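Novice: Questions regarding the structure given below will be posed in turn.
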Amino acid sequence: MDNYCESVIDKNINNKKGITFEERFIDIMSDPNNKFIIRCPNAGKIINNTVILHNNIKVYKDCYYGSFSKILSLNKGCHEPAEERMFQLVLNDINNYNSENENKNKNTIMIELGSYWAFYSIWFNKTINNAKNYCIEPDINNLNIGKKNAKLNNVDIDFTKGFIGKNHINICDFMKEKNIDYVDILHSDIQGYEYEMLTDIVPLLQENKIKYLFISTHSDDIHYKCIDLLKNNNYRIIASSDFETETFCFDGIIVACHNSNNNIDYYNLGCRKHTKLIN
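Counting along the sequence shown from 1, when you hit position 187 you're at 187 in the UniProt record's numbering, and nothing is skipped either side.
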């Protein structure tokens with residue numbers, strides 16, 4: 001089944017990337033990674049002005065880019081199938097590690113950069129024992145949406161308003177301020193500043209201080225520069241969809257872990273350009 005996304009690729013198909021919401025909905029719903037998302041019975045249903053996501057998390061209706069939130073109902077609670085598939089796998093690995101190593105008293109930490117509605121942080125917190133979450137978001141309105149969704153799901157998250165980059169928040173400094181020695185997941189969706197952020201955290205990479213990274217990318221140039229930087233600092237890529245050709249969502253995605261971590265093999269996430277889209 002791991003080769004399923006690769007098996008549906010047809011080089012005779014030449015799709016353009018969706019731009020309008022309707023086109024993007026088609027891309028997302030055509031993503032073969034949907035096949036691997038575990039969905040709860042009520043996934044996609046709207047109940048009391050909230051939408052039930054595939055993992056039984058509730059978020060406020062229209063909280064994710066307004067009318068773009070329609071995809072949460074159309075695709076049964078899933079808006080980024082490839083990334084959510086990999087996040088699902090990584091959470092399972094972290095839970096297995098914690099269980100096998102009796103990691104009961106140590107916090108398991110996730111930092112989400114550009115957290116917006118805090119979906120991934122809430123998922124992490126609801127799934128991992130002794131989870132500790134930090135969300136950084138520059139837009140106060142988006143930050144408040146994340147806070148409301150966290151409260152809705154009875155999740156305690158440390159929220160910080162701020163940008164990532166030069167003259168703003170530096171992750172190495174942030175970790176020192178919060179007394180964080182090790183990060184289990186660093187999740188980043190920072191609208192084109194991802195390579196700059198990775199450059200700043202090279203010392204953390206070199207010391208193997210981050211178990212898994214999820215990096216949303218916003219151009220092919222940035223995407224492949226990020227991959228090169230990670231590889232040059234002893235991290236291996238376990239999943240990748242570039243920005244222009246491969247992703248079924250609007251952003252590219254890179255998932256990486258340290259070379260010493262062999263728990264998850266490489267996953268082929270497919271290719272939008274060469275996969276038949278739904279009608």
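By construction, the Cβ of each residue, glycine as well, lies at the ideal position given by its N, Cα and C atoms. None of the values given here were measured: they were computed from a predicted structure.
1) So, are the CB atoms of phenylalanine 214 and isoleucine 185 less than 8 Å apart?
2) Taking threonine 217 as the reference, which of Lys209, Thr247, Ile171 has the closest Cα?
3) Select from Thr275, Tyr235, Glu196, Asn261 the residue whose C-alpha is nearest the C-alpha of threonine 245.
4) Throw me the rounded Cβ distance for the tyrosine 224 and leucine 205 pair, which I believe falls under 8 Å.
5) Using the three-state DSSP reduction, which class does cysteine 135 fall into: helix, strand or coil?
6) Since tyrosine 60 contacts asparagine 149 with CB under 8 Å, what's their CB separation in whole angstroms?
7) Mind checking isoleucine 46: buried by the 16 CB within 10 Å criterion, or exposed?
8) What three-state label does DSSP hand cysteine 185 in the structure shown?
9) Does DSSP put threonine 247 in a helix, a strand or coil?
10) Tell me the rounded alpha-carbon separation between asparagine 142 and lysine 161.
11) For the region 31–40 against the region 62–80, are there 3 or more C-beta pairs whose distance is under 8 Å?
12) By alpha-carbon positions, which one of Ile169, Asn129, His187 ends up nearest to leucine 113?
13) Since I believe serine 115 is in contact with glutamate 84 (beta carbons under 8 Å), could you give me their beta-carbon distance rounded to a whole number of angstroms?
14) Measure the C-alpha to C-alpha separation of tyrosine 195 and isoleucine 264 and round it to an integer number of angstroms.
15) By how many angstroms is the C-alpha of tyrosine 64 removed from the C-alpha of isoleucine 278?
16) Please say whether isoleucine 111 and asparagine 97 have beta carbons closer to each other than 8 Å?
17) Does DSSP classify isoleucine 140 as helix, strand or coil?
18) Under three-state DSSP, which class holds aspartate 156?
19) From the DSSP output, in three-state form, read off threonine 20 for me.
20) Our contact map puts isoleucine 222 next to isoleucine 201 with C-beta atoms below 8 Å; I'd like the distance itself, whole angstroms only.
21) Is there at least one non-hydrogen atom of the ligand GDP closer than 7 Å to the beta-carbon of tyrosine 224?
22) Could you check whether aspartate 220 and phenylalanine 243 sit closer than 8 Å to each other, using their CB atoms as the reference points?
23) I think isoleucine 254 touches isoleucine 237, with their Cβ atoms under 8 Å apart; what is that distance to the nearest whole Å?
24) Could you give the residue range of the alpha helix (DSSP H) that holds leucine 113?
25) Closest by CA to serine 260, which one among Tyr267, Ile38, Lys231?
26) Once DSSP output is grouped into helix, strand and coil, what is the label at isoleucine 4?
27) Helix, strand or coil: how does DSSP classify alanine 82 here?
28) Going by the DSSP bridge assignment, what does serine 241 pair with across the sheet?
29) Just the C-alpha distance for histidine 258 and tyrosine 212, rounded to the nearest angstrom, thanks.
Specialist: Per the coordinate set shown:
1) Yes.
2) The option with the nearest alpha carbon to threonine 217 is Thr247.
3) That would be Thr275, whose Cα lies nearest to the Cα of threonine 245.
4) Tyrosine 224 to leucine 205, Cβ: 17 Å. No contact.
5) Reduced to three states, the DSSP call for cysteine 135 is strand.
6) Between tyrosine 60 and asparagine 149, the beta carbon gap of about 6 Å places them in contact (Cβ cut-off 8 Å).
7) With fewer than 16 other Cβ atoms within 10 Å, it is exposed.
8) The question names cysteine, yet the displayed sequence has isoleucine at residue 185. Assignment of isoleucine 185 by DSSP, reduced to helix, strand and coil, places it in the strand class.
9) Under the three-state reduction of DSSP, threonine 247 is assigned to coil, being neither helix nor strand.
10) Each residue's CA atom was taken as its position, placing asparagine 142 and lysine 161 some 10 Å apart.
11) With contact defined as three or more Cβ pairs closer than 8 Å, the region 31–40 and the region 62–80 are in contact.
12) Across the set Ile169, Asn129, His187, the C-alpha of His187 shows the shortest separation from the C-alpha of leucine 113.
13) Not really, about 16 Å apart at Cβ, beyond 8 Å.
14) In a straight line, the C-alpha of tyrosine 195 is about 24 Å away from that of isoleucine 264.
15) Their backbone Cα atoms lie some 23 Å apart in a straight line.
16) First, the residue type needs correcting, since residue 97 is tyrosine and not asparagine in the sequence shown. Result no, Cβ atoms of tyrosine 97 and isoleucine 111 do not sit closer than 8 Å.
17) Three-state result, isoleucine 140: helix.
18) Reduced to three states, the DSSP call for aspartate 156 is coil.
19) Coil at threonine 20, not helix or strand.
20) Contact flag wrong, Cβ pair sits at about 15 Å.
21) Of ligands this structure carries none, so the ligand GDP is not represented either.
22) Result yes, Cβ atoms of phenylalanine 243 and aspartate 220 sit closer than 8 Å.
23) Confirmed, Cβ separation roughly 6 Å.
24) Per DSSP, leucine 113 belongs to no alpha helix (DSSP H); it is in the beta strand (DSSP E), 108–113.
25) Nearest option by C-alpha distance: Lys231.
26) It is tyrosine, not isoleucine, that sits at residue 4 in the sequence shown. Judged by DSSP in its simplified three-state form, tyrosine 4 adopts helix.
27) The three-state secondary structure of alanine 82, taken from DSSP, is helix.
28) Looking at the DSSP output, serine 241 shares a beta bridge with Ile253.
29) One C-alpha to the other measures close to 8 Å.
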